[in-house]
Structures are given as C-alpha cells and as structure tokens.
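S.K.: Dropping a structure here in structure tokens format, bear with me for questions.
Here is the structure:
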C-alpha cells in the first residue's frame, strides 16, 4: 500500500466522521406526507358535524359587528340579514367557498427555494405566534422586545425543520403598539428569506404589510401570487368583529392569503363537548371564509381551528388533552371535504417551563396535527404558558421534534436497500449488523438524529454535567444565534424598505392603542 | 324558598365541588378502542414484509441453541433441520400458529373486576419492566430493592389507568438472584389484585411461578384459564436460546400466556432500515410463537415487538425517533393479519431524568402504540434511561398520560348531549357558555383532568413554588404510597403461599447466578 493510499484512506475516514457529526436531514421547503390521515369519525359522523354547522348558520347565524360591508355582501349573496345578524340558508356559505377558493396554493418566499405549498399532502411548520412574554433559563420570564423578535426570526431561519417564518413570534413590547408592525414585518423580510405572516391588529396595519410586500416582491407579482399569509380569528361564539374583518378585507383585496380561525376555549366559547366545539368552529370558519371569497373571489383561504380544553376548576385553558385532539382530527376531515387547506395544532402547552409537562402536552398536539394531515401548523416551536410566553429552550426542543416528523412523513422505504433482505440472509443468526456493509452504507441516514437528546450512558451524562434537556437546549440557541448569518438581500430594496418605514413612522405620532 | 330548599341547594353545591375535585374517569379493566388503526403500509407493502419474513425463515432459518426439544418439534412439524438450525418452508410457521393460537384471550386477575382482555380492540397498560436501577428526585439513581419493587406494585395497583401489574417492575438487587422471583411474584399476588407476569430467567423459576399461581387460583382453574402472562425475548438476530425456550415451555405446558418478543436495536441486531427490522422481527416472532403452539396447541401467545433505533455515533439505543414508530405501525398490522394479539410501545426514553426529553420520547412511542392498536403496552409507566432505571416521578407522569388515552380511545360522542346543538342555538352569538345548563351538566366529565399538569396563571404557579412537572410528581407518588391500602386476600391462601415460599427458599442455597 502506498503512502498516498493510506493518506487517502484516513482522509476519507476523517471526512466521513466529520460528515456524520454534521449531517442534517435533506432540507425540504415543506413536508410531503405519504400516508392517509387517521380518521376518528365515520362518513356519517362527519355529515352530522356538517349538518350541525349548517343548522347553526341557518338558525342562529353570525353577528358581523360594526361591519356593514360584510352584512351587505352577504345580503347580496342570498343570506338573511337582521341588523348585524347574518343567517345563512343551508349550504350557502359552503357553496360560496367551493365556487372560488383554491383547494391548494403556494405562498411565495423571497428565496424561491423556501416557497411553501398550502393544502393537499403538504405540511408547513411555522413558529409560535402572539405571546407578550419570552422565557429562557437565564433570565426567566419577561416581556418580549424587538431584539427577542429578531432572535426568533433568526432561529427560525436557521432551522432546517421550520419552513415558515411565522408572524408575531413574540410581541415587541418595547415598541409603540401602533408602529410595532413595521419592525416586525421588516424583521421577517430582512433577517429571513422564508415566507411570513402580516399584521392584523388594524386594517391600516394590514395595508402597510401589503405595501411593504409590494416593495419587496414587486406590485405586479402580488396581484397574482400569495406572498403574505395572515391570521384572522373569530370572536367566538358566532361573532366576527370589525378589526379582523377589516384586516381580512385588506389582504383579500390584495389577493393575499388568510387563515380564518375560530379560537375556541371549549366550555367557555363553545359547548364543552367535542362534537359541539367542532360544529361551531366549522360554522364560524365557513362564515369567515365565505366573507373573504365575497370580497375577492379566489383569494387564498385556509380553514383554521384552535380548540383548547379548559380546567373546570379554574377556567384556565388546558392543552395536550384528548378532547382537543379529537376536535382536530374531526375538523381536518371536514376541511378535506370542503376542499380548502387546514390549519391547526402546534406544540401547545400550559406549562411555564420547558419541562415534562410542556413536552407531553406539545407532543399530544403535534401528533394529531401530523396524523390528521394538517397543512399549516402554526405554533410548531416555542409556545409556553398557554401562548403567553415564547420560550428559547422550548423553541429548540420543539424544532428538533419538527425534524422527526420529516422522517416519519416519508413513511417506510420499500426499496431493495430498505427491505435489506440480502443483508439479513447474508448475515445469518447470532451475528451483529454493526460492521455489515449494509449498515455502513446506511450509517448516516438510517435514523433521525436529535440535536438535543442525550443518549449516552449515565456515567458519560454525569461527566457532561448531568444536564437536562432544557439546559442542553440553552446552549444550542445561543450557539445558533452566535453563528447566524443573514440571507443576502438586494441593497436597493432594503434601503427602499427602510426609507418607506421611516417615512410612515414619521407621518403620525406614537401610540400604545 | 324554604330554608330547607336553600340548605339542600348549598349542600348540593358543596357536594358537587367536592366531587369535581376528586372525580376520576370511570375505571375500566382495559381500554376498548373505537377507531380504526393508522396504517403506514399498503396491502402490497404488508405482503412484502410477510414475504421477506418467510424468505428469512426459509433461506436462513433460526438457530434454536441448546434446545433439542425445539429442534425435534420443528422437525416433526415439517421444518428442515441442520444441527441447531431450523429452516421453515414458506408459510409453515404461520400455519402452525393460525391452526391453534387464540385470536383473543383473557388473562384473569385474582380480582375478577381486573381481568384483562388481550387482542381485538382491547388495549392493556402495564408498567415498565426489567430495570436494575430506580430513580427519584430525592435520592437520584440507585440500585433497585425489593422495597422499590413493592412500591411500584402498589403505585400500579393505585392507578386507575394501569390495568396490569406487570412483571419485573425493577430488579430487587438486594435479594439473591436465584430467589428473587419468589418475592417478586408474591408482591404482585399480595400487594395488588391486578393480573401479573411471571419469571423467565430460568425454566425452574417459571415452574415456581406456575406453582404459586396454582396456590392462588387453584390448580384446576389454571388448566383452562390464563392467569400468568410472561415475556420471552429472542436473541436477535435469528436465535432463540435455551433459557427463554425453557421458560416458554414451562408456561405453555401449564397453558399460560406468553409474549414472544424479538428485542431489536436496529443497526446492531437487525439491519438499520425499517422494512428490514420489521421483516426480521416478524420472522423471529413467528418461529417463537410456532414453538409455543407445538409445545401446547392453543396456549395463549402475543406477538411482541420491541424495536429501537441507535445512535450511529455511539451505538447507544435511541428512543422516540420516527423509525421505530414506523416499525411499530407496520408490525401491528402484520399481527392483525396473522390473527394474534400484539405487544409493543411504552413510554420509552433514553433520558436519565423525567425531563422534556423523557416526555417527548415517551409520547412519540405511546402515540403509535395507541394509534396502531397495540393490545398489550408493556413499559407504559416509569421507564427511564433506555430501560436501565425505573423512575418514581416518571411513573406518575406516564400514568397520567395513560389516563388521557382512555378518554381519546372513546372517540367522539355523537349523542344529542355530545352534539350540543340545542345549547349552541339557545346560547347565541357573543354569549359565553360557562354558566349554560349544558356546560354545568357536562362540567365534571367534559375534559380529561391531569393530576400533574399545572394550568394556573404564572403568578399562581410562582406562589405555589415555581415547581416543574417532576417536582409535582414527586409529591404525588409519596402521597399515593402513604394512602395505599392493600387489597383483601384470603388469609389461608396467603399463609399457604408464604409457607410454600419459605420451604422452597430453604431447600437450596442462595446464589447470585
């Protein structure tokens, strides 16, 4: 053997070891599921939920509060109007949606490699949304700032397992309420190149989001492409209010995407039963999605459901319980039957810490989200304390789980290499497979490799400091932020965005309303 | 309104509050699932796994080591024998099993209310099995003792969500190896009245277990009823050894139940791929179950699978990863097609602590166990550190999750009360449901109530000591043990058992082999 030969060999081996330590699963812009969803209701059961939703829309109707435009649109479409109350003849809302809403659509990212698909067998993971507080092991719980906001945009950008930058990843409480959205939307645009969500706290802020998107993507592109996906919530039970409808109108008029979500704490905002919460959610979502289609036929809509159980002692929301999982499975099937993408799920928990309660409850929500075939999973990473806090360590733990779902969703590899029958026949009884050529060939990709789990011996774990999962996650988010490098952006566009933002900010006084 | 009336009312209210605080879900002897299992393989895919298992049995065969009785039985049944190697013509093992093994069976508990059903839509939860160490927050990790063993029998007895007392809930390392089984089996018999598992570490110890069961249940009863269910593992790849076969023979001859489990660390004891591990597991289990049927046609058998992934850096087993979940789903379907009950799953984790890693990994194994329709879930509660430790707090956290599955498995209630359509129509837009008669009527049973989760406000949680889930679980297991009361037992039977044990113990010297 020549020296060169030996050199090559050991070089090859070192390179392989290196590759092994740093390998990540193949990066994909979204998950494509290969399995049929789990069904918890029969055809007859689903028809019952749909029938009840129609009964609610027909007999009770929905209040569209301080929204004369919505009332007028529905009157013209054939609904029965009584003041702000709109009652829908059976099937009307469904037929309005099915006439024009796309079954599936793309939301474009400024990096085309990160464009996500909504609907069908696609599943898109986005981080948690809307918390006023942030939490980490070093400082505990505190109000969120724009620096925290940027940190979570960067952490999401860095994760190969989160496909979407999300929206209000935390509230930047250090900025005035009426100008926060400029810096939030800008952070998504500048510090990530993944798709993102827009502001919905005021119709004007929704229009600002669309204007900024026009600067980034070009006004013409927006007319025919969805580049912003925003979240509007019903005011359950059975009310849509002017703020959410106004924001929805602003996005729909610009042909941008909307997730229409009844946010339901069952027992308080709906009946305490699964079938009751499901029927009411369907009714409220049908009304909201129909409104969007009447404003702009063909505007992309996603049927959203957020259902939590509640503590019957304290009235506090509870998560990871069986009943919201059943609502999720039932409504995912309803969305498929309606023919629109579905949003639900997430790593939901009432825990204040990234502990066993947090992980159990989060897993209990993420599992149904994946197995029901949810298309857009908001709150995939970071959620703590019923959504009141965004956790740094929780984010790392959840994003790792999101990675596992990529491997699961691919299903069972039945290629000859996957079947491995030759290896089994060749190996024989009592011989381990560690050194077998088949094992070596599959070494790097055989099993999902967690970045957070400690699988070492007890003794090694003690030598490493006896850390729990949250402590290991603490080191990971710090390293990720330290190593963060922003995606490239056209400097002229960036300057235009910044100048536009500064002009807008200067044009009216700060306010915290 | 009379004073009496008011008195009754407030008395009724206090009683309701009391009931609410102490309500537990309806206690059932096992779960009856109402939903079709999730399938990860098509009919064609399942046929491929079965075909490959037959190929392994035909071309490679299984080594039955130091077990001439097994080799002779298989020769007589039509297998090709070459020394200790037994090769099976295609379909032989399957046809032996299908000719005589029961599709479903009961395992009788000494309290008939706790008799469990194995197979079909039944799911039975048993605690973790086999760890030499125990762990709690106060003392950390240490070797298990017979006191720990009794504690876990008592904790399992006290849980409404664990149906089965299990077997080696931890190793009582303070007792001599060759006499431990007497105190272990006695603890299950005396400190619980749930069904239990027997000793498999030596054929003689299996016979001792059967003899003790005859004292407890009556010799005649045993001939026609399964009262002991025991766990025998293949020595993968493709080997069955004399100890396990001898124990299996002892139980089968007494018509007692056996769980036949290839215990596979994929990548070491099988190929690293899902389809490869599944086919090999099926082949090994078919051979083991066929052996049991040849020893005693009709003896109850359960097809077991335990598959873990491994760290390709260190060779350590890893849990909660997607690949073992896929193996579980695939083999559960194979068991249904074969027509025998299936064992797999559990709250598996490599974590050393009851932390977020432990909970995430455990949930990732329990979810597929339930959704695949596993019939016997060993390791439902307590497992830590890849099975090396039984955790007190982990046990409490896992048993709480087991409770949630009771509610999930019932599915969606579509009764008029479940549909709640009258309540929704009656309530109207914008009115919360907290005080509605429907909510009050469903108050106590609407949602699963966790004993461990903290759903309070951050402020209340801080006032309560800022405890994480493991710290709350610590208080729960201590309270449960303090409040434990043993089930009644016939004193004469108990004395007979104790006297028999003492005679047996005195009849041969202690040994740690």
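Residue numbers (our numbering), protein chains in the order written: chain A, 1 to 513; chain B, 1001 to 1513. Where a beta carbon is used, it is the ideal one built from N, C-alpha and C, also for glycine.
Is it right to say residue 218(A) is buried, meaning 16 or more other beta carbons lie within 10 angstroms of its own, or is it exposed?
M.R.: Exposed, by the Cβ-count rule.
S.K.: Does any CB atom of chain B fall closer than 8 Å to the CB of residue 22(A)?
M.R.: At residue 22(A), the pLDDT of 40 sits below 50, so the modelled position is not reliable; the number obtained from the coordinates is stated separately. No, because no Cβ of chain B sits closer than 8 Å to the Cβ of residue 22(A).
S.K.: Exposed or buried, residue 1021(B), counting other C-beta atoms within 10 Å across all chains shown (16 or more means buried)?
M.R.: Bear in mind that a pLDDT of 41 at residue 1021(B), under 50, signals an unreliable position, so the number given afterwards is only what the model happens to contain. The residue in question, residue 1021(B), is exposed, as its Cβ has fewer than 16 Cβ neighbours within 10 Å.
S.K.: When you compare only the Cα positions, how much space is there between residue 417(A) and residue 121(A)?
M.R.: Their backbone Cα atoms lie some 25 Å apart in a straight line.
S.K.: Smallest Cα separation from residue 493(A): which of 214(A), 510(A), 73(A)?
M.R.: Nearest of 214(A), 510(A), 73(A) to residue 493(A), Cα basis: 214(A).
S.K.: Express the C-alpha separation of residue 1147(B) and residue 1495(B) in angstroms, rounding to a whole number.
M.R.: One C-alpha to the other measures close to 20 Å.
S.K.: Would you decide whether residue 479(A) is buried or exposed? Buried here means 16 or more other CB atoms lie within 10 Å of its CB.
M.R.: Exposed.
S.K.: What residues of chain C sit near residue 1154(B), judged by a beta carbon separation below 7 Å?
M.R.: This model lacks chain C altogether; the protein chains it does include are A and B.
S.K.: Tell me whether residue 1389(B) sits in a helix, a strand or coil according to DSSP, three-state version.
M.R.: Three-state result, residue 1389(B): strand.
S.K.: Which bits of chain B does residue 433(A) rub up against, with CB to CB less than 8 Å?
M.R.: Within 8 Å Cβ-Cβ: 1237, 1267, 1268, 1269, 1270, 1271, 1272.
S.K.: Note the first and the last residue of the continuous beta strand (DSSP E) segment covering residue 1521(B).
M.R.: Nothing can be reported for residue 1521(B), as the shown portion of chain B is limited to 1001 through 1513.
S.K.: Would you list, in chain order, the members of the segment 436–452 of chain A that have their beta-carbon closer than 8 Å to a beta-carbon of chain B?
M.R.: Result list: 436, 438, 439, 442, 443, 444, 446, 447, 448, 449, 450, 452.
S.K.: Given this structure, state the Cα-to-Cα distance separating residue 310(A) from residue 331(A), to the nearest angstrom.
M.R.: Between residue 310(A) and residue 331(A), the C-alpha separation is close to 19 Å.
S.K.: Expressed to the nearest angstrom, what Euclidean distance is found between the alpha-carbon atoms of residue 1381(B) and residue 1350(B)?
M.R.: Rounded to the nearest angstrom, the two C-alpha atoms are 14 Å apart.
S.K.: So residue 302(A) packs on residue 376(A), CB below 8 Å; how close in whole Å?
M.R.: That pair is a contact at about 6 Å.
S.K.: How many angstroms separate the CA atom of residue 1082(B) from the CA atom of residue 438(A)?
M.R.: Rounded to the nearest angstrom, the two C-alpha atoms are 27 Å apart.
S.K.: How about residue 93(A) and residue 290(A): are their beta carbons less than 8 Å apart?
M.R.: Result yes, Cβ atoms of residue 93(A) and residue 290(A) sit closer than 8 Å.
S.K.: So, is the C-beta of residue 182(A) closer than 8 Å to a C-beta in chain B?
M.R.: Chain B contact via Cβ: absent.
S.K.: At what residues does the alpha helix (DSSP H) containing residue 1233(B) begin and finish?
M.R.: Taken as a continuous stretch (DSSP letters only), residue 1233(B) belongs to no alpha helix (DSSP H), being part of the beta strand (DSSP E) at 1229–1234.
S.K.: Any beta-carbon of chain A closer than 8 Å to the one on residue 1311(B)?
M.R.: Yes, residue 1311(B) counts as interfacial toward chain A.
S.K.: Is there a Cβ of chain B sitting closer than 8 Å to that of residue 318(A), yes or no?
M.R.: Yes - at least one Cβ of chain B is within 8 Å of the one on residue 318(A).
S.K.: Compare the C-beta of residue 337(A) with all C-beta atoms of chain B and state if any pair is closer than 8 Å.
M.R.: Residue 337(A) does not count as touching chain B.
S.K.: Assign residue 1089(B) to buried or exposed, taking buried as 16 or more other Cβ atoms, counted over all protein chains shown, within 10 Å of its Cβ.
M.R.: Exposed, since its Cβ has fewer than 16 Cβ neighbours within 10 Å.
S.K.: Return the CA-CA distance between residue 188(A) and residue 400(A), expressed in angstroms with no decimal places.
M.R.: For residue 188(A) and residue 400(A), the distance between alpha carbons rounds to 22 Å.
S.K.: What residues are listed by DSSP as bridge partners for residue 258(A)?
M.R.: DSSP lists 230(A), 301(A) as partners of residue 258(A).
S.K.: If I follow the unbroken alpha helix (DSSP H) through residue 426(A), where does it start and stop?
M.R.: 421–427 is the extent of the alpha helix (DSSP H) around residue 426(A).
S.K.: Under 8 Å Cβ to Cβ from residue 257(A), same chain only, skipping five residues before and after it: list those, please.
M.R.: Hits under 8 Å: 105, 107, 118, 226, 228, 229, 230, 251, 299, 300, 301, 302.
S.K.: If we require 3 or more residues per run, which beta strand (DSSP E) segments fall completely within the segment 1262–1327 of chain B?
M.R.: If we require 3 residues or more, the beta strand (DSSP E) runs fully inside the segment 1262–1327 of chain B come out as 1301–1304, 1306–1310.
S.K.: In chain B, which residues lie less than 9 Å from residue 48(A) when you measure between Cβ atoms?
M.R.: In chain order: 1414, 1419.
S.K.: Work out the CA separation of residue 509(A) and residue 1410(B) for me, nearest whole Å.
M.R.: Those two C-alpha atoms are separated by around 56 Å.
S.K.: According to DSSP, is residue 17(A) helix, strand or coil?
M.R.: The predicted position of residue 17(A) is uncertain, since its pLDDT is 41 and thus under 50; no value can be drawn from it.
S.K.: Which residue's Cα is closest to the Cα of residue 1041(B): 396(A), 414(A), 336(A)?
M.R.: Considering only alpha carbons, the answer is 414(A).
S.K.: Would you identify the three-state DSSP class for residue 62(A), choosing helix, strand or coil?
M.R.: DSSP places residue 62(A) in strand when its eight states are reduced to three.
S.K.: Between 1425(B), 1190(B), 1127(B), which has its C-alpha nearest residue 1348(B)'s C-alpha?
M.R.: That would be 1127(B), whose Cα lies nearest to the Cα of residue 1348(B).
S.K.: Examine the Cβ distances between the segment 238–252 of chain A and the segment 59–76 of chain A and report whether three or more of them are shorter than 8 Å.
M.R.: Flag = yes, the segment 238–252 of chain A and the segment 59–76 of chain A touch.
S.K.: Go ahead and label residue 114(A) buried or exposed: buried means 16 or more other beta carbons lie within 10 angstroms of its beta carbon, across all protein chains shown.
M.R.: When all chains shown are included, residue 114(A) counts as buried.
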